[in-house]
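K.L.:
In our numbering, the protein residues as written are 140 to 346.
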């Protein structure tokens, strides 16, 4: 039986996932912002080798979910698989049924700033409440634990590297606006992840 704390954790994770999916679809996708991280890397691999992004994402994510299980226990793995599944569902619902069209084509700087604030807050919230929506988040937590690099800083660095490589096939303007978004997002992730006292610890997740 779940206690009140578990219900709150699930609610906050779901809220973060919905906000992240909503923002990625209505701002990033609708305004053709580039992608960093594992998604951007999967698109880069498709461009170079023709490999399905879904296959690349699976290859990247699977070993990191195993690491997440070993580092933080079964409950963390369950929450993370749940988070990854729900993010996909929320994004698909936005794609299929949302009537909203947010056109920032004449205000791309504003769109980039909003994207950074909202996705950073959403991602940080999911991490703060003990889940990860993908392997990249697990890798960020692992590096933070063992090497002390802030979670948000990891995302900024990894996204920047992928975006720099993506200049092979993406226009510079899209990449530059995305760099603005990921820089703000990284700072928001760090702030949200560390703000207040986290309601979980690796020991609690292992229970």
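Every residue, glycine too, gets a C-beta built ideally from N, C-alpha and C.
Treat the numbers as computed from the prediction; the structure is a model and nothing was measured.
Can you tell me whether residue 237 is helix, strand or coil according to DSSP?
P.N.:
Residue state, collapsed to three classes: coil.
K.L.:
Label residue 298 either buried or exposed according to how many other C-beta atoms from any shown protein chain fall within 10 Å of its C-beta, with 16 as the threshold for buried.
P.N.:
Buried: at least 16 other Cβ atoms inside 10 Å.
K.L.:
Considering only the beta carbon of each residue, do residue 213 and residue 195 sit closer than 9 Å?
P.N.:
Result no, Cβ atoms of residue 213 and residue 195 do not sit closer than 9 Å.
K.L.:
Output the residue ranges of the alpha helix (DSSP H) runs that lie fully inside the stretch 307-338 and measure 4 residues or longer, sorted by chain position.
P.N.:
Runs found: 311-333.
K.L.:
Once the 5 residues before and after residue 325 are set aside, which same chain residues still bring their CB inside 7 Å of it?
P.N.:
Excluding residues within five positions, the ones whose Cβ falls inside 7 Å are 259, 291, 292, 294, 295.
K.L.:
Taking the C-alpha atoms as reference points, what is the distance between residue 203 and residue 154?
P.N.:
Spanning the two alpha carbons is a distance of roughly 24 Å.
K.L.:
Use the C-beta contact count for residue 190: other C-beta atoms within 10 angstroms, 16 or more gives buried, fewer gives exposed.
P.N.:
When all chains shown are included, residue 190 counts as exposed.
K.L.:
Is the CB-CB distance between residue 162 and residue 257 below 9 Å?
P.N.:
Yes, the Cβ-Cβ distance between residue 162 and residue 257 is below 9 Å.
K.L.:
Given this structure, state the Cα-to-Cα distance separating residue 166 from residue 273, to the nearest angstrom.
P.N.:
Each residue's Cα considered, the two are about 20 Å apart.
K.L.:
Which of helix, strand or coil does DSSP assign to residue 188?
P.N.:
Here residue 188 sits in helix by DSSP.
K.L.:
Restricting to Cα atoms, I'd like to know which of 209, 236, 237, 267 is closest to residue 149.
P.N.:
Considering only alpha carbons, the answer is 267.
K.L.:
With distance defined between alpha-carbon atoms, name the residue in 251, 279, 282, 188 nearest to residue 314.
P.N.:
The residue with the shortest Cα to Cα distance from residue 314 is 251.
K.L.:
For the stretch 236-244 against the stretch 167-180, do three or more pairs of beta-carbon atoms, one drawn from each stretch, fall closer than 8 Å, so that the two count as touching?
P.N.:
In short, these stretches touch, since the Cβ pair count reaches three.
K.L.:
Going by other Cβ atoms of all chains shown within 10 Å of its Cβ, with 16 needed for buried, is residue 200 buried or exposed?
P.N.:
Residue 200 is buried by the Cβ-count criterion.
K.L.:
Which residue marks the beginning of the alpha helix (DSSP H) containing residue 163, and which one marks its end?
P.N.:
First-last for residue 163: undefined, no H or E at that position.
K.L.:
Please say whether residue 176 and residue 218 have beta carbons closer to each other than 9 Å?
P.N.:
No.
K.L.:
How many Å lie between residue 249 and residue 321 at the Cα?
P.N.:
So the alpha carbons of these two residues sit roughly 13 Å apart.
K.L.:
Let's test the definition: count the other Cβ atoms within 10 Å of the Cβ of residue 228 and tell me whether it reaches 16, buried, or not, exposed.
P.N.:
With fewer than 16 other Cβ atoms within 10 Å, it is exposed.
K.L.:
Please work out which residues of its chain come closer than 7 Å, Cβ to Cβ, to residue 234, disregarding the five sequence neighbours upstream and downstream, and give them in chain order.
P.N.:
Cβ within range, chain order: 164.
K.L.:
Should residue 247 be labelled buried (16 or more other beta-carbon atoms within 10 Å of its own) or exposed?
P.N.:
So residue 247 counts as buried.
K.L.:
I need the straight-line Cα distance from residue 183 to residue 151, nearest angstrom please.
P.N.:
Whole-angstrom Cα-Cα distance: 32 Å.
K.L.:
Which same chain residues, not among the five before or five after residue 304, have their C-beta less than 7 Å away from its C-beta?
P.N.:
Excluding sequence neighbours, residue 304 sits near 183.
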